Amino acid sequence: MSFPKLQTDQIEHKSLYHDVLPGVIQAVSHTWGDDFFSVVIRELANAVQADYAFIARVNEEKTSSETIVMLADGQLAENVTYDLIDTPCKNVGSDNVCVYEKGISSLFPRDRMLVDMGVEGYIGVPLLDRGHKVMGLIVGLFKQEVHNVDFTTTLFELFAGRIAAEIDRSAMSRQLTEQLETSLVLQRHLEQQALRDPLSGLPNRKQFNLDVGRLDDEQTYWIAKKGIDCFKPLNDTLGDLAGDEILQNFCMRCLVIQEVEPDIRVYRWIGDEVVFLIAADSQEAVRQKLKKHQSRFETPMQTTSSQVKLSHSTGISCLSDCKSINQALTNADIAMFRAKQRGGHEVCFHDKSLKSSNGDFLIIQSDMSRAMAQGEFIPFYQPIYNGEDQQMVGFESLMRWFDSKGRIRYNPAEFIKVAECTGLIVELGKQIMERSIGQLYEWNEKQEHEYHLSINLSPVQFFDDTLLDTIHQICQKYPVRTELIKFEITESLFLNEGEFVLDKLNALKMMGFQLSLDDFGTGYSSLSYIQKYPFDIIKIDKCFIDDVLSSKKSQALVQSVLTLANHLAMKVVAEGVENEEQALYLAGLGVDLLQGFYLSKPLSAVAVESIIHLR
């Protein structure tokens, strides 16, 4: 709405209000926000014939002002910020109506905006907030002397309250908008956090479920569940802080696979387990994808306190072979258990035959604590013979599980791995160790000849913080000469390399015990272990003894071990001797000690006593 130029000297003020006010009110009554400011300034400027007009906010100190809307010669202009000092607006900022009918530029020569625009007259009205404090101003600028001052001032004052209220409303609206935007950002952040594992930063199970819901129906997908072998007892030994560091390192290595393989996504699952969602057309393609990254997990992990090298097991199922995602996850879990049962560091694909074996694993796990409490685990003793004269010189203590009726419940291959994976091997090993050392003490006390005893230590037992105290207490209870006890350690112990391994072996040596490296020849680092660690005995693995009469490689290995042992003042044990020919051949080579079914199977304590004539 526009108005004709008013001849204010010919029209009474009352007539002006009557003619102008309804139009202005009607023009602004249905507008708000930025539109309101632009409409109201245009209508007011036209009504009072102002050449320039603006609405501005002032800062709290009343030292500067920023225009909300500015009109120049009937057109909206760019907003400006300016200091109130040395300007007529300073008086408006002090809660005064400011009127200069003419000569304004000469009165405020430092106000360059007035001077540059050729302004002659000025009318400014303050805008007050709800506390009646100045929050802004509305200003009309005139190139000629101002006429109808009272009309202009009154009209500005009439709309000042409405303008102030709209400034308040706009500020509140902006504040609410900013709060809403902040809230939305926070909400998105929380949603993202809800889909991330806090320890590793990997996507979690919720993200997995979302991603599975968006899979391409035309593509074949596989679920691979990967877990660290025997993580719980290792975490118990090293502590939660080191355990968390290991998990973070492990998860980051898994994440690298996702970053370089577009068809693989990785998720933190539970405990030490991660899940891979793999797009691949065949089982072999899955195997190759994972095999490419096997080396990432073979580098030792550095924690705050030690360096640890871990093995891990992977179970894999095909999503399209399953009725649901839960079944695919269960099948991958079953396959991972099988990989762990095979000794760990394995990859196993699910098939129907695995269900029963996984069931057995869980049954054994649930039965084991009860069986330990009821004394169903007892030591058996396999005699060890001198290679030179084939005289019995000692025994290896072996674990057996019998039910209440004296029948074998599970064989060692089945229950020992379960005991290691669950950590029960620590208490079980302690029980067998105490009974075996106690038995040796009894036998040696009843005759002049002293037998030695070999005891197997699993890696889980070895890393138990109480191991040395346990051994010391048992030997205090049964004061056997410590040099008669030999602790057998397999190469799997050295997957966890660190100074604490050497420290603990040295501690056992200082206590007087002998150390035997078991299953020698099956690992690629056997020679380095002999060089680095204080072993007294090398035990050649059965796989080399089986074909020692026919295999040149096995013969060469046995002969090499004997030469090495001779130079290092170590003894050699050959286990798994199955026939007389093997026994004679090995004895002829100079093997110190022989052990195997040909010489004797493992015996109960009663059977041993009948052999050594204690009964």
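The working numbering puts the sequence shown at residues 471 to 1085.
A virtual CB, placed ideally from N, CA and C, is assigned to each residue, including glycine.
Just so it is clear, the structure is predicted and the values come from calculations on it, not from any experiment.
Contact check between the segment 760 to 777 and the segment 661 to 677: fewer than three CB pairs, one atom from each, fall below 8 Å, which does not count as touching. Glu743 is the residue among Ser534, Val730, Gly785, Glu743 whose C-alpha sits nearest the C-alpha of Leu717. With a minimum length of 3 residues, the unbroken runs of beta strand (DSSP E) contained wholly in the segment 888 to 931 fall at 922 to 927. The Cβ neighbour count for Ala802, taken over all protein chains shown within 10 Å, is at least 16; the residue is labelled buried. Rounded to whole angstroms, the Cβ separation of Gly591 and Ile574 is 6 Å, and the two are in contact under 8 Å. In the structure shown, the three-state DSSP call for Phe1014 is helix. Non-local beta-carbon contacts of Tyr880 in its own chain, meaning distances under 8 Å to residues more than five positions away in sequence, involve Ile834, Trp871 in chain order. Exclusion of the five residues before and after Glu1051 leaves Leu1019 as the residues of its chain whose Cβ lies within less than 7 Å of its Cβ.
Only exposed fits Lys613, as fewer than 16 other CB atoms lie within 10 angstroms of its CB.
Within the same chain, Cβ atoms closer than 6 Å to the Cβ of Lys560 are found at Leu554, the five residues on either side in sequence being excluded. If you draw a straight line from the Cα of Asp791 to the Cα of Ala750, it is about 14 Å long. Taking Ser839 as the centre and dropping the five residues before and after it, the same chain places the C-beta of Leu894 closer than 8 Å to its C-beta, in chain order. Note on geometry: alpha-carbon atoms of Gly713 and Phe819 lie some 28 Å from one another.
Counting C-beta atoms within 10 angstroms of its own C-beta, Glu530 has fewer than 16 neighbours from the protein chains shown and is therefore classed as exposed.
Residue pairing by DSSP puts Ala1044 in a beta bridge opposite Ile1010, Leu1064. The bridge partners DSSP lists for Met771 are Val778.
CA-CA distance, Thr784 to Gln861, rounds to 46 Å. When C-beta atoms of the segment 512 to 519 are compared with those of the segment 640 to 653, fewer than three pairs fall below 8 Å, so the two segments do not count as touching. The continuous stretches of alpha helix (DSSP H) do not include Leu747, which lies in the beta strand (DSSP E) extending over residues 743 to 749.
Phe720: member of the alpha helix (DSSP H) spanning 710 to 730, first to last residue.
One alpha carbon belongs to Ile693, the other to Asn1049, and they sit about 48 Å apart. With a cut-off of 8 Å on Cβ pairs, the segment 977 to 984 is in contact with the segment 942 to 954, counting three or more such pairs.
The beta carbon of Gln1025 lies closer than 7 Å to those of Val1018 in the same chain, with the five residues before and after it left out. In the structure shown, Ala635 falls within a helical segment according to DSSP collapsed to helix, strand and coil. The shortest C-alpha to C-alpha distance from Gly845 to any of Leu898, Ile804, Gln728, Cys891 is the one to Leu898.
If the five residues before and after Gly814 are omitted, its C-beta is found closer than 6 Å to the C-beta atoms of Asp699, Ser781, Ser783, all from its own chain and listed in chain order.
Looking at the DSSP output, Tyr851 shares a beta bridge with Ser867, Leu1073.
Counting every other CB atom within 10 Å of its CB across the protein chains shown gives Thr537 a total of 16 or more, marking it as buried. Annotated as distal: Met587 and Ile637, with beta-carbon spacing of 9 Å or more. Under the DSSP assignment, Gly1058 falls in the alpha helix (DSSP H) whose first and last residues are 1050 to 1059. Shown here, Tyr1003 sits in coil according to DSSP, grouped into three states, outside any helix or strand. Judged by DSSP secondary structure, Glu858 falls outside any beta strand (DSSP E); it is assigned neither H nor E. Per the C-alpha coordinates, the member of Ile804, Asp934, Tyr855 positioned closest to Val1047 is Tyr855. With contacts defined by Cβ atoms closer than 9 Å, Phe850 and Ser1074 form a contacting pair. Looking at the backbone, the Cα of Ser1070 and that of Pro853 are separated by about 6 Å.
Phe612 has Gly591 as its beta-bridge partners, per DSSP.
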